[in-house]
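Its first residue numbered 1, the sequence shown is counted upward by one per residue in the working numbering.
Scroll down for the structure; my scribbles are underneath it.
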Amino acid sequence: MSAVGLDAEVGIVGTGTMGSMLAWQLARRGVPVLAFEQFSPGHDRGAVGGETRLFRLAYAEGREYVPLLRDSLRLWRELEDESGARILTQCGGLAIGDADGDYIAGLLANARATGVPVRVLSAAEAAERYPQHALGDGEVAVLDEQAGFLRCEQAVLSAARVAERAGAAVLRHTEVTDLVEHDDGVQVRTAGGATHRVGQVVVAAGSWSGRFLPDRLAGVVQSHRVLLSWFGTDDIDAYRPERFPIFIHHRGALHVYGVPTVDDVMVKVAGAVTAHPVPAPDAVERRHSAEEVHRIAAAVGELLPGLHPEPIRTDAFTDLYTTDGRPLVGRVSDRVVVTTGHSGRGFKYAPGMAAVVADVLSGAAHPDRAFLSPDRF
Numbered sequence: 001m002s003a004v005g006l007d008a009e010v011g012i013v014g015t016g017t018m019g020s021m022l023a024w025q026l027a028r029r030g031v032p033v034l035a036f037e038q039f040s041p042g043h044d045r046g047a048v049g050g051e052t053r054l055f056r057l058a059y060a061e062g063r064e065y066v067p068l069l070r071d072s073l074r075l076w077r078e079l080e081d082e083s084g085a086r087i088l089t090q091c092g093g094l095a096i097g098d099a100d101g102d103y104i105a106g107l108l109a110n111a112r113a114t115g116v117p118v119r120v121l122s123a124a125e126a127a128e129r130y131p132q133h134a135l136g137d138g139e140v141a142v143l144d145e146q147a148g149f150l151r152c153e154q155a156v157l158s159a160a161r162v163a164e165r166a167g168a169a170v171l172r173h174t175e176v177t178d179l180v181e182h183d184d185g186v187q188v189r190t191a192g193g194a195t196h197r198v199g200q201v202v203v204a205a206g207s208w209s210g211r212f213l214p215d216r217l218a219g220v221v222q223s224h225r226v227l228l229s230w231f232g233t234d235d236i237d238a239y240r241p242e243r244f245p246i247f248i249h250h251r252g253a254l255h256v257y258g259v260p261t262v263d264d265v266m267v268k269v270a271g272a273v274t275a276h277p278v279p280a281p282d283a284v285e286r287r288h289s290a291e292e293v294h295r296i297a298a299a300v301g302e303l304l305p306g307l308h309p310e311p312i313r314t315d316a317f318t319d320l321y322t323t324d325g326r327p328l329v330g331r332v333s334d335r336v337v338v339t340t341g342h343s344g345r346g347f348k349y350a351p352g353m354a355a356v357v358a359d360v361l362s363g364a365a366h367p368d369r370a371f372l373s374p375d376r377f
């Protein structure tokens, strides 16, 4: 295959969270991009649906992510400027848990180490300021005033549109079936029988990425079913962004998170049913079982007594998880790069991660991102 006949310098498989952000990042750098999407950008079958995602800088999951989060905060605002859309609402965020537990201790240690300002509220202070939450004995709330929520479908649609305006090509309803690597490029074959030629390709297909990964990574990824639910209340004003920050609440084995109302009707609360493996992303059951609804209702009744505990809307989507909970980001062969396996945590840092992938494609080194490398397996 001759490099002269390339259709684009970079091909992207998938324009969901990571693929759309990467298309935007590359296009704004002047890189010719050809992206393939089996559905359309912003679809609800993968890890984009559900209206909102959390954004946090105080991050218990690992201080090594904070530089990515800071970069992403800047880039979310740049995407808003370039698209004219409102994507990030910084209404603050609460992390609630046992004052002496590992979750709060880890969060505070990471915040101190990375210079993220937070404020610790006692149970009494939290009850006065945020009476929507029922804190237990010994629990505290850690306030991150830079936190907030992202409008996920709007973000992906905006990134794809801005990328296209900058010269990227997005082939919608085009399923990629095979990648054939050559010394001078990659053939991208589609279900419609077409073959496209690109210099390098990035696999950013979320739960559908597994088929494009090398054999050595086949056993470290698994599609998971992630459940979402929304609840009514008799006092929706109490759950608007100016009065109800995003939150994560850990109590023993119970873990829930939520977002203020975005439609003046419902409040999103999820997490009570842990994400669990499914055999294939196309076969995921989107309806909640009666047992799942019961568990969710019990959690909401215990932690958020101002909400009606029975959900009025439920949904489910899939995401690709890794065995160690860290994403796979980096080169897996001479001309194939992956950004996948973000394990239910990737949306908040997506534009910052896309900038890292764009650097990988150009040959730039990121030694402080080695924890993401597929070579750890």
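Each residue gets a CB set at the ideal place from its N, CA and C atoms; glycine is no exception.
Alpha carbon to alpha carbon, what distance is there between L94 and H294? About 25 Å.
Just verifying my parser: in three-state terms, what is the DSSP assignment at M1? Because M1 carries a pLDDT of 46, less than 50, the predicted location of this residue cannot be relied on, and no value is offered for it.
E291 burial status per 10 Å Cβ neighbour count (16 or more: buried): Exposed: under 16 other Cβ atoms inside 10 Å.
Tell me the start and end of each unbroken beta strand (DSSP E) in the region 84-162 that is at least 3 residues and wholly inside, in chain order. Assignment of beta strand (DSSP E) within the region 84-162, counting only whole runs of 3 or more residues, yields 93-98, 119-121, 139-144, 148-151 in chain order.
Count the other C-beta atoms from every protein chain shown that fall within 10 angstroms of the C-beta of F371, then say buried if there are 16 or more, exposed otherwise. Counting Cβ neighbours within 10 Å, F371 comes out exposed, since fewer than 16 surround it.
Please go through the same chain and pick out, in chain order, the residues whose beta-carbon is closer than 6 Å to the beta-carbon of V221, but skip the five residues on each side of it. Closer than 6 Å at the Cβ level, and outside the excluded window around V221, lie G210, L320, T322, G341.
What is the DSSP secondary structure of L79, reduced to helix, strand or coil? Helix, per DSSP.
Okay, do the region 295-305 and the region 269-281 touch, 3+ Cβ pairs below 8 Å being the bar? Counting C-beta pairs closer than 8 Å gives three or more between the region 295-305 and the region 269-281, which meets the contact rule.
Please name the residue or residues paired with D319 in a DSSP beta bridge. Beta-bridge pairing links D319 to H224.
Does the ligand MG have even one heavy atom less than 8 Å from the beta-carbon of L303? As far as ligands go, the structure on display features none, and thus does not contain the ligand MG.
So G199 is in the beta strand (DSSP E); what residue range does that whole segment cover? Start and end: 195-203.
Residues near L228 in its chain [Cβ-Cβ closer than 6 Å; skip 5 each side]: Only residues of its own chain outside the window of five on either side were considered, and among them G50, A270, D315 have a CB closer than 6 Å to the CB of L228, listed in chain order.
Identify whether I312 lies in helix, strand or coil by the three-state DSSP scheme. I312 sits in coil when the DSSP states are folded into three classes, being neither helix nor strand.
Go ahead and label G258 buried or exposed: buried means 16 or more other beta carbons lie within 10 angstroms of its beta carbon, across all protein chains shown. Label assigned to G258: buried.
What residue range does the beta strand (DSSP E) around V284 cover? It is not in any beta strand (DSSP E) - V284 carries neither H nor E in the DSSP assignment.
Assign T17 to one of three DSSP states: helix, strand, or coil. T17: helix per DSSP, three-state reduction.
A168 (DSSP reduced to helix, strand or coil): Three-state DSSP puts A168 in coil, outside helix and strand.
Taking 9 Å as the threshold (C-beta atoms), are F317 and R225 in contact? Contact flag set, yes.
T15 versus R326: straight-line alpha-carbon distance, rounded: Going from the Cα of T15 to the Cα of R326 covers about 21 Å.
So, do the region 166-184 and the region 114-129 have three or more beta carbon pairs nearer to each other than 8 Å? With a cut-off of 8 Å, the region 114-129 and the region 166-184 do not count as touching, because too few Cβ pairs lie within range.
Quick one: complete alpha helix (DSSP H) runs, 4+ long, within the region 9-60? DSSP assignment within the region 9-60 yields the following whole alpha helix (DSSP H) runs of 4 residues or more, N-terminal first: 17-28.
Do the CB positions of Y65 and V116 come within less than 9 Å of each other? 9 Å or more divides the Cβ of Y65 from the Cβ of V116.
Could you give the residue range of the beta strand (DSSP E) that holds D178? Secondary structure note for D178: its beta strand (DSSP E) is the uninterrupted segment 176-182.
From the DSSP secondary-structure annotation, give me the bridge partner or partners of L307. Paired residues: T233.
Tell me the DSSP bridge mates of G185? According to DSSP, which records beta bridges pairwise, G185 is partnered with H182.
Can you tell me whether DSSP reads H366 as helix, strand or coil? The answer is coil: DSSP assigns H366 none of H, G, I, E or B.
Which value, in whole angstroms, describes the spacing of the CA atoms of M1 and S223? For M1, the predicted model reports a pLDDT of 46, less than 50, meaning its position is unreliable; a value from the coordinates is still stated below. Their backbone Cα atoms lie some 34 Å apart in a straight line.
Relative to the C-alpha of E82, which residue among A111, P32, S158, I236 is closest? Taking E82 as reference, the option from A111, P32, S158, I236 with the minimal CA-CA separation is S158.
Leaving out the 5 sequence neighbours to the left and right, which residues in its chain are closer than 6 Å to I248 when beta-carbon positions are compared? Counting only Cβ-Cβ distances below 6 Å, and skipping sequence neighbours, we find A95, Y257.
Within the continuous beta strand (DSSP E) that includes L328, where are the two ends? Counting along the chain, L328 sits inside the beta strand (DSSP E) bounded by residues 328-331.
Spatial neighbours of P214 within its chain, please: C-beta separation below 6 Å, excluding the five flanking residues on both sides. Result list for P214: V332, in chain order.
Would you mind working out which of D183, G346, T339 sits nearest A358, comparing C-alpha positions? Taking each of D183, G346, T339 in turn and checking the Cα distance to A358, the smallest one comes out for T339.
Using a Cβ distance threshold of 8 Å, determine whether the region 144-162 contacts the region 74-90, with at least three qualifying pairs required. Yes: at least three Cβ pairs fall under 8 Å.
With DSSP as the reference, label L68 as helix, strand or coil. If DSSP states are grouped into helix, strand and coil, L68 belongs with the helices.
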